[in-house]
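Numbering (UniProt numbering), first residue to last: 1 to 227.
Report on one structure; see the data block that follows.
The following block contains the structure:
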């Protein structure tokens, strides 16, 4: 009986030792698993705290800033100065001719549009402004380009009104005009159309020249930034 009790006790001890060993191994594996998860979580948190420029590489591209183009002052070189002064002189000349022709048309005929007056005054003012800009050392030349766009629009309207006035104008009589000369009035209206046409061509040439100067300066400005 004693032998049986001893053998049973020995078996019980072996079972308990096996259970303790199994439990210890499981605890170690569980701890390793938890440690791995914590390490992974820590890595993720560290990644979240990592600055964006360290997480990924991004290509840096130049950003277009429109105010650079608008406020970029272009140096007035000698050639550009001569161009602006000569162009301003001819602008004032076209304006004076248009104003004078319109005055002669009103005197010798009947006019309903009077486009030579307001267009002529605008041409004269434009010529004076261009001459003033020509004597400056630098100027935001894009503003001058926008001014030419307005001038081109006014010239187009004036030319259209001159054609209409030339085609459907009322013949003058001694009651409507003190100096009635239909032939002279027709010639004057035709000359006024030619003047506006020359003004259109002149404005287009000015826009082309100023656009080239502006693009050239933007290219130099971009090159300096890249350097």
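Glycine is no exception: its CB is placed at the ideal position from the N, C-alpha and C atoms.
For this session: Just the C-alpha distance for residue 106 and residue 196, rounded to the nearest angstrom, thanks.
Result: Taking the straight line joining both Cα atoms gives about 17 Å.
For this session: Kindly identify the DSSP beta-bridge partner or partners of residue 146.
Result: In the DSSP secondary-structure assignment, residue 146 is not bridged to any residue.
Exercise. Does residue 155 have its Cβ less than 8 Å from a Cβ in chain C?
Worked result: Looking at the structure shown, chain C is missing, and only one protein chain is on hand.
Exercise. In this structure, what does DSSP give as the bridge partners for residue 73?
Worked result: DSSP lists 140 as partners of residue 73.
For this session: Drop a sphere of 10 angstroms on the beta-carbon of residue 104, count the other beta-carbons inside from all chains shown, and report buried for 16 or more, exposed for fewer.
Result: Its Cβ being crowded by 16 or more others within 10 Å, residue 104 is buried.
Problem set entry | DSSP-derived helix/strand/coil call for residue 316 | This structure gives no information on residue 316, because the portion of the chain shown stretches from 1 to 227.
Exercise. If you follow the alpha helix (DSSP H) that residue 117 is part of, which residue opens it and which one closes it?
Worked result: Residues 115-134.
Problem set entry | Reduced DSSP secondary structure (H/G/I, E/B, other) of residue 109 | Correct three-state label for residue 109: coil.
Exercise. Quick one, which of 92, 133 and 137 has its alpha-carbon nearest residue 75's?
Worked result: Nearest option by C-alpha distance: 137.
Exercise. Is there contact between the region 112-129 and the region 87-96, where contact requires at least three CB pairs shorter than 8 Å?
Worked result: Short answer: they touch.
For this session: Just tell me which of 119, 113 and 140 has its CA closest to the CA of residue 214.
Result: With distances taken between Cα atoms, residue 214 lies closest to 140.
For this session: Taking only the alpha-carbon atoms, compute the straight-line gap between residue 94 and residue 149 and give it to the nearest angstrom.
Result: Roughly 17 Å between the two C-alpha positions.
Exercise. Under the rule that 16 or more other beta-carbon atoms within 10 Å means buried, what is residue 135, buried or exposed?
Worked result: Residue 135 is classed as exposed because its beta carbon has fewer than 16 other beta carbons within 10 Å across all chains shown.
Problem set entry | Inter-residue Cα distance where the pair is residue 164 and residue 118 | Distance between the alpha carbons of residue 164 and residue 118 is about 17 Å.
Exercise. Would a C-beta distance cut-off of 8 Å place residue 159 and residue 188 closer than the cut-off?
Worked result: At a Cβ-Cβ threshold of 8 Å, residue 159 and residue 188 do not count as neighbours.
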